[in-house]
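With full-length UniProt numbering, the residue at position 172 of the sequence shown is 172, and numbering never jumps.
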Amino acid sequence: LQALVDQYKDKLPEDEGGAALVADRIGYVHSVYYPSLPMLQREFGKRMMEMGMVLSAYDMFVSINMWCEAIDCLIVADRKHQAETLVKERLEASDTPTSTRPRLLCQLGDITGEKRWWQQAWEESDHRYARAMRSLGRGALQSGDRYEAIKCFKQSLEISPLKAGIWFSLGAMYLQVSQYQDAATAFTRALGVDDTDAQSWANLAAAYITMAQEKMNKDESSDSAQDVAQMRRDPAGMAYGARGLAVDLGRVETILDDDALLKDLVSLSVSTGKRRPAIELFETLSKLHGTNPVCHRCLAELADNDEEVAKQRVLQLRHLLPKIHDAKDLTCLKFELTELRDCMGVLVEECKKGLGNKGGLSMLVRSAVRKVNVKLQENGLSSRAEWTGLQNEIEGSSQEIVDLVKAKNKIVE
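What follows is the structure, encoded as structure tokens:
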């Protein structure tokens, strides 16, 4: 770009040789597109700004009277006082076009943080300059006025609806004020502009999950959960974003953390015969959280054949062991041990149906018993009745599985 800009300064040689006459060349000036010098300088300035050469870009923009871009350079360079002075000079200058004033006023508001400049830009543009309303929305958001931010974002989107980021911000505000249907609409509009945005898919899923939780009718709740599964595009972004929103908002329970919701979803899916959407959802979650035994428990409960039940229960058992080892408190430990007991109980029944030693099952259940014993001893629980009861049930199921697998293998031999 520098070379192209410099070429405009090159003088023609005195002897043009075989070059065509100017009169001939001028006839093709509109057919052969070649950018003008100001266009090249503008592009050159933008490239320099992208590369961090903001002061060089500033000089370039000033040379071609692109004042708004020059002010942006000063703001990026943290020369706010100089930028403020230049903005005020341009606002007072008689040669400043009326159409440029709203942008200059918004820049002044960005520099000073005073919303009166954004409001003035909005008024001077006859309520047509969407950036002014976007800035007012961001200002309201920073001050904690969510409802004012929603109002401003909605007004800006009426003028400029192809701003995916503003639709996303609007949806996030609706989530924070518990207007989940409006949030879902906003995230849907954001995805209409950019359907590759994982966070929008994530928050859309979170909105539908929350609506499903709040509905009294269980059939409607099941349909909403099905919608969540069908609408995912970037499942990694969905699961991460839903978990992030749960932490940020403090009220949205995530799929993997809400055991009651999981049981309801599985129960409804089985009772209504709508297993496929729930299976697809948990298969996706198992890919993302492959070490989470809850996914495999749900898949086992949704499975319609013994082979799949056995497979998922073995995976559940395998991933329960590190959970037991890492349990930080007694509540978590009791939950994991209860899950282990139930899992091994199901595996006993599957072994009776001829499961065999799939996935090294005998070795796995022996390892489970050892880890349970060690964990209980470490916490001084091995002599307490409520814990020894669980321990004995787990040991009994383990021994039964080992015996059944051994008997099955002898028959095969």
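Positions of the beta carbon are idealized from the N, C-alpha and C atoms, including for glycine.
In this text the structure is predicted, and so the values were computed from the model without any measurement.
Item                                                                                                                                                               : Value
Measuring CA to CA, which of ASP59, LEU390, ASN379, GLY171 is closest to ALA77?                                                                                    : ASP59
Could you tell me the alpha carbon to alpha carbon distance between GLN316 and PRO293, rounded to whole angstroms?                                                 : 4 Å
For GLY137, count neighbouring Cβ atoms within 10 angstroms of its own Cβ and tell me buried if that reaches 16, exposed if not.                                   : buried
Buried or exposed: which applies to VAL374, given that a residue is buried once 16 or more other Cβ atoms fall within 10 Å of its Cβ?                              : exposed
Using a threshold of 8 Å, state whether the C-beta atoms of SER99 and ARG134 are closer than that.                                                                 : no
To the nearest angstrom, how far is it from the Cα of LYS406 to the Cα of GLY360?                                                                                  : 12 Å
Between the stretch 150-169 and the stretch 183-197, do three or more beta carbon pairs fall short of 8 Å?                                                         : yes
Report all residues from its chain with a CB closer than 7 Å to the CB of LEU249; omit the five preceding and five following residues, and keep chain order.       : The predicted position of LEU249 is uncertain, since its pLDDT is 40 and thus under 50; no value can be drawn from it.
On the premise that GLU350 lies in contact with ALA303, defined as a C-beta separation below 8 Å, what is that separation, rounded to the nearest angstrom?        : With a Cβ gap of about 11 Å, ALA303 and GLU350 do not count as contacting.
Between which two residues does the alpha helix (DSSP H) holding ALA310 run?                                                                                       : 306-326
Counting Cβ pairs, one atom from each stretch, are 3 or more of them under 8 Å apart for the stretch 327-346 and the stretch 393-407?                              : yes
Which whole-angstrom value describes the C-beta separation of PRO102 and GLU69, a residue pair presumed to lie in contact below a C-beta threshold of 8 Å?         : With a Cβ gap of about 15 Å, PRO102 and GLU69 do not count as contacting.
Rank ALA385, HIS325, THR210 by C-alpha distance to the C-alpha of SER367 and give the top, closest one.                                                            : HIS325
Output needed for ALA184: all residues of its chain with C-beta closer than 7 Å, excluding positions within five of it in sequence on either side, in chain order. : LEU204, ALA207, TYR208
Measuring only the C-alpha atoms, how far is GLU307 from GLU336?                                                                                                   : 24 Å
Kindly indicate which three-state DSSP category ARG134 falls into: helix, strand or coil?                                                                          : helix
Where do the N-terminal and C-terminal ends of the alpha helix (DSSP H) with PRO102 fall, by residue?                                                              : 101-112
Going by DSSP, what residue range makes up the alpha helix (DSSP H) through VAL369?                                                                                : 361-378
Can you say whether ILE401 is buried or exposed, counting buried as having 16 or more other CB atoms within 10 angstroms of its CB?                                : buried
According to DSSP, is ALA172 part of a helix, a strand, or is it coil?                                                                                             : helix
Tell me, please, whether the CB atom of PHE44 is closer than 8 Å to any CB atom in chain C?                                                                        : Absent from the structure is chain C; it holds one protein chain and no more.
Identify whether ARG128 lies in helix, strand or coil by the three-state DSSP scheme.                                                                              : coil
Are the beta-carbon atoms belonging to ALA57 and ILE71 less than 8 Å from one another?                                                                             : no
By the DSSP assignment, the alpha helix (DSSP H) with VAL348 in it spans what residues?                                                                            : 330-352
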